[in-house]
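K.L.:
There are 2 protein chains.
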Amino acid sequence: MTDHTVKAFDEDITRLRGLIGEMGGLAEVAIEEALASLVTGDKERAKKVVESDKKLDELEMQVDKLAIRVIALRAPMADDLREVIAALKIAGVVERIGDYSKNIAKRVGEIDGKDRFEPLTLLPAMGEVAAEMVHDVLTAYAARDPDLAREVIATDNKVDAFYNSIFRNLVSHMMENPATISSAAQLLFVARNLERIGDHATNVAEMVHFAATGVYPPEDDR
Amino acid sequence: MTDHTVKAFDEDITRLRGLIGEMGGLAEVAIEEALASLVTGDKERAKKVVESDKKLDELEMQVDKLAIRVIALRAPMADDLREVIAALKIAGVVERIGDYSKNIAKRVGEIDGKDRFEPLTLLPAMGEVAAEMVHDVLTAYAARDPDLAREVIATDNKVDAFYNSIFRNLVSHMMENPATISSAAQLLFVARNLERIGDHATNVAEMVHFAATGVYPPEDDR
Numbered sequence: 001m002t003d004h005t006v007k008a009f010d011e012d013i014t015r016l017r018g019l020i021g022e023m024g025g026l027a028e029v030a031i032e033e034a035l036a037s038l039v040t041g042d043k044e045r046a047k048k049v050v051e052s053d054k055k056l057d058e059l060e061m062q063v064d065k066l067a068i069r070v071i072a073l074r075a076p077m078a079d080d081l082r083e084v085i086a087a088l089k090i091a092g093v094v095e096r097i098g099d100y101s102k103n104i105a106k107r108v109g110e111i112d113g114k115d116r117f118e119p120l121t122l123l124p125a126m127g128e129v130a131a132e133m134v135h136d137v138l139t140a141y142a143a144r145d146p147d148l149a150r151e152v153i154a155t156d157n158k159v160d161a162f163y164n165s166i167f168r169n170l171v172s173h174m175m176e177n178p179a180t181i182s183s184a185a186q187l188l189f190v191a192r193n194l195e196r197i198g199d200h201a202t203n204v205a206e207m208v209h210f211a212a213t214g215v216y217p218p219e220d221d222r
Numbered sequence: 001m002t003d004h005t006v007k008a009f010d011e012d013i014t015r016l017r018g019l020i021g022e023m024g025g026l027a028e029v030a031i032e033e034a035l036a037s038l039v040t041g042d043k044e045r046a047k048k049v050v051e052s053d054k055k056l057d058e059l060e061m062q063v064d065k066l067a068i069r070v071i072a073l074r075a076p077m078a079d080d081l082r083e084v085i086a087a088l089k090i091a092g093v094v095e096r097i098g099d100y101s102k103n104i105a106k107r108v109g110e111i112d113g114k115d116r117f118e119p120l121t122l123l124p125a126m127g128e129v130a131a132e133m134v135h136d137v138l139t140a141y142a143a144r145d146p147d148l149a150r151e152v153i154a155t156d157n158k159v160d161a162f163y164n165s166i167f168r169n170l171v172s173h174m175m176e177n178p179a180t181i182s183s184a185a186q187l188l189f190v191a192r193n194l195e196r197i198g199d200h201a202t203n204v205a206e207m208v209h210f211a212a213t214g215v216y217p218p219e220d221d222r
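One line per chain: the protein sequences are A and B, in this order. The first sequence: position 70 = 70 (full-length UniProt numbering), numbered continuously. The second sequence: position 97 = 97 (full-length UniProt numbering), numbered continuously.
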């Protein structure tokens, strides 16, 4: 590439990274807002989460378009090309993380007798850990920081522990109060969605680690 | 591109499409095998589904590598580039469809009192429709057939109807037989996984339609 093309390429990469950072911020807020709406039963607030997901979809499309344009115009090679493809993939995963928050928000209003569910205090705590993973993995991406990426991968154990504890809690709750089964089933799905968000943040962390070091993190991190 | 490059590019695209076709075949079989193992409670059979998912992951990596190589070596423009990016994206979705089957297979052995669950006859029927969607959408991809893609999108309604009916059935089953709640919760997740497979097949169908016609299918198809 000529000096001019290199500079133009760097600007494009910076824009790609900026768009992904914006997606990450939206995804993080969506997790917290979805759970806040669930706990308060605030349907208006939940509706905003569902709407904000459209913005995430749009941003992903912008990343796709820009990535395709960069490849077509600048014909990047080796590491640079890998960086553009990583941006495409990471944007796809962040968009999916947004989908899970949307799914959680859609369940607001389907939970009767909220006060009786202990998981309604555990779920926001679980959501906080998941949102933190999303935040940290995008910080790791922005800073090309493989150590932070490995920390994110290690945190996924916490999310899994929350999931197992909430699952057991809900099943015994259902047994004791059969009338609440339908609501409890909705909360099971919420827990499952948060667990999947943790998995996806872990996937991104693996990509960030790979992009920064050329190798995937050791298996026992995962 | 020179004639030589054009020919080499066409060969690469054919290989990409072949790899994706192979992924689709594996994903389709995985859905059916996961449900067969669930219904029979055959853990060995379920283990094979979990193992076959690794093959899907490998194939996705092969698609990624080949796509990156094609872009780097042949520097395809416009439609050709879009075709390579579509291959990357579709491979990612098919890999995710495989993950859902793996999740189903992992629940085999966690269902007690199988004979009492009506959904254990509904789920394989639902799985058949989902597997058919995966099959048809990859046929549509191979044949660049937007009409078949729209049929796939329309079929997703059937999968959603199955899901709603199974959800209601399981919730009332749980209420009548609290002792089976834990098993029934596992079946809820199975139904949800199949519903997500339908969603992902629909996403691929939208990409195929877009690639073939340049426009997304009308909203009321979706």
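Where a beta carbon is used, it is the ideal one built from N, C-alpha and C, also for glycine.
Alpha carbon to alpha carbon, how far is D145 of chain A from I197 of chain B? Give it in angstroms, no decimals.
P.N.:
On the second sequence, position 197 is the one that residue 197 of chain B refers to. On the first sequence, position 145 is the one that residue 145 of chain A refers to. Rounded to the nearest angstrom, the two C-alpha atoms are 34 angstroms apart.
K.L.:
Any chance the segment 66-78 of chain B sits against the segment 78-97 of chain A, with 3 or more Cβ pairs inside 8 angstroms?
P.N.:
yes
K.L.:
With C-beta atoms as the reference, is V171 of chain A less than 7 angstroms away from S101 of chain B?
P.N.:
Locating residue 171 of chain A in the first sequence gives position 171, counting from the first residue. Locating residue 101 of chain B in the second sequence gives position 101, counting from the first residue. Against a cut-off of 7 angstroms, the Cβ pair of S101 of chain B and V171 of chain A comes out as no contact.
K.L.:
Given D64 of chain B, which residues of its chain have a CB within under 8 angstroms of its CB, disregarding the five upstream and five downstream residues?
P.N.:
In the second sequence, counting from the first residue as 1, residue 64 of chain B sits at position 64. Only L88 and A91 meet the Cβ criterion.
K.L.:
Classify M77 of chain A as helix, strand or coil using the three-state DSSP reduction.
P.N.:
For the purposes of this step, residue 77 of chain A is taken as residue 77 along the first sequence, with counting starting at 1. It is coil, neither helix nor strand.
K.L.:
For chain A, find out if any of its Cβ atoms is closer than 7 angstroms to the Cβ of G24 of chain B; answer yes or no.
P.N.:
Indexing the second sequence from 1 puts residue 24 of chain B at position 24. Cβ-Cβ to chain A under 7 angstroms: no for G24 of chain B.
K.L.:
Taking the straight line between their C-alpha atoms, what separation do you get for V29 of chain B and T5 of chain A?
P.N.:
Stepping through the second sequence from its first residue, residue 29 of chain B is reached at position 29. Stepping through the first sequence from its first residue, residue 5 of chain A is reached at position 5. For V29 of chain B and T5 of chain A, the distance between alpha carbons rounds to 47 angstroms.
K.L.:
Whole angstroms are fine: how far does the CA of K7 of chain A sit from the CA of D112 of chain A?
P.N.:
Here residue 112 of chain A corresponds to residue number 112 of the first sequence, with the count starting at 1. Here residue 7 of chain A corresponds to residue number 7 of the first sequence, with the count starting at 1. Each residue's alpha carbon lies about 57 angstroms from the other.
K.L.:
Applying a beta-carbon distance threshold of less than 8 angstroms, which residues of chain A neighbour S182 of chain B?
P.N.:
Residue numbering aside, residue 182 of chain B sits at position 182 when the second sequence is read from its first letter. V171, listed in chain order.
K.L.:
I need the straight-line Cα distance from Q186 of chain A to E60 of chain B, nearest angstrom please.
P.N.:
Position 186 of the first sequence, counted from the first residue, corresponds to residue 186 of chain A. Position 60 of the second sequence, counted from the first residue, corresponds to residue 60 of chain B. Rounded to the nearest whole angstrom, the CA to CA distance from Q186 of chain A to E60 of chain B is 33 angstroms.
K.L.:
Please classify F117 of chain A: does DSSP put it in a helix, a strand, or coil?
P.N.:
Walking along the first sequence from the start, residue 117 of chain A turns up at place 117. Here F117 of chain A sits in coil by DSSP.
K.L.:
Name the chain A residues whose beta carbon is nearer than 8 angstroms to that of G92 of chain B?
P.N.:
Residue numbering aside, residue 92 of chain B sits at position 92 when the second sequence is read from its first letter. Neighbours of G92 of chain B on chain A, chain order: K89 and G92.
K.L.:
With contact counted as at least three CB pairs below 8 angstroms, one residue from each stretch, are the segment 16-34 of chain A and the segment 130-139 of chain A in contact?
P.N.:
yes
K.L.:
Less than 6 angstroms between C-beta atoms, sequence neighbours within five positions excluded: which residues of the same chain meet that for E95 of chain B?
P.N.:
Locating residue 95 of chain B in the second sequence gives position 95, counting from the first residue. So the list reads L56 and E60, once near-sequence residues are dropped.
K.L.:
Could you give the distance in angstroms between the alpha-carbon of A191 of chain B and the alpha-carbon of N169 of chain A?
P.N.:
For this step, residue 191 of chain B is matched to residue 191 along the second sequence. For this step, residue 169 of chain A is matched to residue 169 along the first sequence. Approximately 21 angstroms between the Cα atoms of the pair.
K.L.:
Look at V49 of chain B and H200 of chain B and say whether their C-beta atoms are less than 7 angstroms apart.
P.N.:
Your numbering for residue 49 of chain B matches position 49 in the second sequence. Your numbering for residue 200 of chain B matches position 200 in the second sequence. No, the Cβ-Cβ distance between V49 of chain B and H200 of chain B is not below 7 angstroms.
K.L.:
Rounded to whole angstroms, how far is the Cβ of F167 of chain A from the Cβ of L194 of chain A, which I believe are closer than 8 angstroms?
P.N.:
On the first sequence, position 167 is the one that residue 167 of chain A refers to. On the first sequence, position 194 is the one that residue 194 of chain A refers to. In fact, because the Cβ distance is near 12 angstroms, the residues do not count as touching under 8 angstroms.
K.L.:
Nearest CA to the CA of V152 of chain B: which residue from B:E51, B:P217 and B:K54?
P.N.:
Taking the second sequence and counting its residues from 1, one reaches residue 152 of chain B at position 152. The shortest C-alpha separation from V152 of chain B is found at B:P217.
K.L.:
List, in order along the chain, the chain B residues whose C-beta lies closer than 9 angstroms to that of F189 of chain A?
P.N.:
If you number the first sequence from 1, residue 189 of chain A lands on position 189. Correct list: L188, F189 and R192.
K.L.:
To the nearest angstrom, report how far apart F117 of chain A and A161 of chain B are at their CA atoms.
P.N.:
Stepping through the first sequence from its first residue, residue 117 of chain A is reached at position 117. Stepping through the second sequence from its first residue, residue 161 of chain B is reached at position 161. Distance between the alpha carbons of F117 of chain A and A161 of chain B is about 29 angstroms.
K.L.:
Do you know whose CA, among B:D42, B:L122, B:Y141 and B:D53, lies nearest G18 of chain B's CA?
P.N.:
As a working note, residue 18 of chain B is residue 18 in the second sequence. Among B:D42, B:L122, B:Y141 and B:D53, the Cα nearest to that of G18 of chain B is on B:Y141.
K.L.:
Helix, strand or coil for P124 of chain B? Go by DSSP, reduced to three states.
P.N.:
Locating residue 124 of chain B in the second sequence gives position 124, where the first residue counts as 1. Of the three classes helix, strand and coil, the one that applies to P124 of chain B here is helix, per DSSP.
K.L.:
Taking the C-alpha atoms as reference points, what is the distance between F9 of chain B and D99 of chain A?
P.N.:
As a first step, residue 9 of chain B must be located in the second sequence, where it is residue number 9. As a first step, residue 99 of chain A must be located in the first sequence, where it is residue number 99. In a straight line, the C-alpha of F9 of chain B is about 35 angstroms away from that of D99 of chain A.
K.L.:
So that I know if they touch, is there some Cβ in chain B lying closer than 7 angstroms to that of P178 of chain A?
P.N.:
Position 178 of the first sequence, counting from 1, holds the residue named residue 178 of chain A. Answer yes: the Cβ-Cβ gap between P178 of chain A and chain B drops below 7 angstroms somewhere.
K.L.:
Return the CA-CA distance between E32 of chain B and R45 of chain B, expressed in angstroms with no decimal places.
P.N.:
Counted from its first residue, the second sequence places residue 32 of chain B at position 32. Counted from its first residue, the second sequence places residue 45 of chain B at position 45. Each residue's alpha carbon lies about 11 angstroms from the other.
K.L.:
Measure the C-alpha to C-alpha separation of R15 of chain B and M207 of chain B and round it to an integer number of angstroms.
P.N.:
Against the second sequence, residue 15 of chain B aligns to sequence position 15. Against the second sequence, residue 207 of chain B aligns to sequence position 207. Cα-Cα distance, rounded: 19 angstroms.
K.L.:
Please tell me whether M126 of chain B has its Cβ less than 7 angstroms away from any Cβ of chain A.
P.N.:
Locating residue 126 of chain B in the second sequence gives position 126, counting from the first residue. By this cut-off, M126 of chain B is not an interface position.
K.L.:
Would you kindly work out how many angstroms separate the C-alpha atoms of V39 of chain B and V204 of chain B, rounded to a whole number?
P.N.:
On the second sequence, residue 39 of chain B is found 39 positions in, with the first residue counted as 1. On the second sequence, residue 204 of chain B is found 204 positions in, with the first residue counted as 1. V39 of chain B and V204 of chain B: Cα-Cα distance of roughly 28 angstroms.
K.L.:
Does any C-beta atom of chain C lie closer than 7 angstroms to the C-beta of A75 of chain B?
P.N.:
Absent from the structure is chain C; the protein chains it does hold are A and B.
K.L.:
Excluding sequence positions up to five away, which residues of its chain have a Cβ less than 6 angstroms from the Cβ of E103 of chain B?
P.N.:
Residue numbering aside, residue 103 of chain B sits at position 103 when the second sequence is read from its first letter. It should be noted that the sequence gives Asn, not Glu, for residue 103 of chain B. So the qualifying residues of the chain are N193.
K.L.:
Whole-angstrom Cβ separation of V108 of chain B and S37 of chain B, contact assumed at under 8 angstroms?
P.N.:
In the second sequence, the residue the question calls residue 108 of chain B occupies position 108. In the second sequence, the residue the question calls residue 37 of chain B occupies position 37. About 5 angstroms separates the two Cβ atoms, so the contact holds.
K.L.:
Need the endpoints of the alpha helix (DSSP H) that T14 of chain A sits in, please.
P.N.:
Here the question's residue 14 of chain A lines up with position 14 in the first sequence. Here the alpha helix (DSSP H) through T14 of chain A covers D3 to T40.
K.L.:
Check the C-beta distance from L122 of chain B over to S165 of chain B and give it rounded, since I have them as a contact under 8 angstroms.
P.N.:
Counting from 1 along the second sequence, the entry for residue 122 of chain B is found at position 122. Counting from 1 along the second sequence, the entry for residue 165 of chain B is found at position 165. With a Cβ gap of about 7 angstroms, L122 of chain B and S165 of chain B count as contacting.
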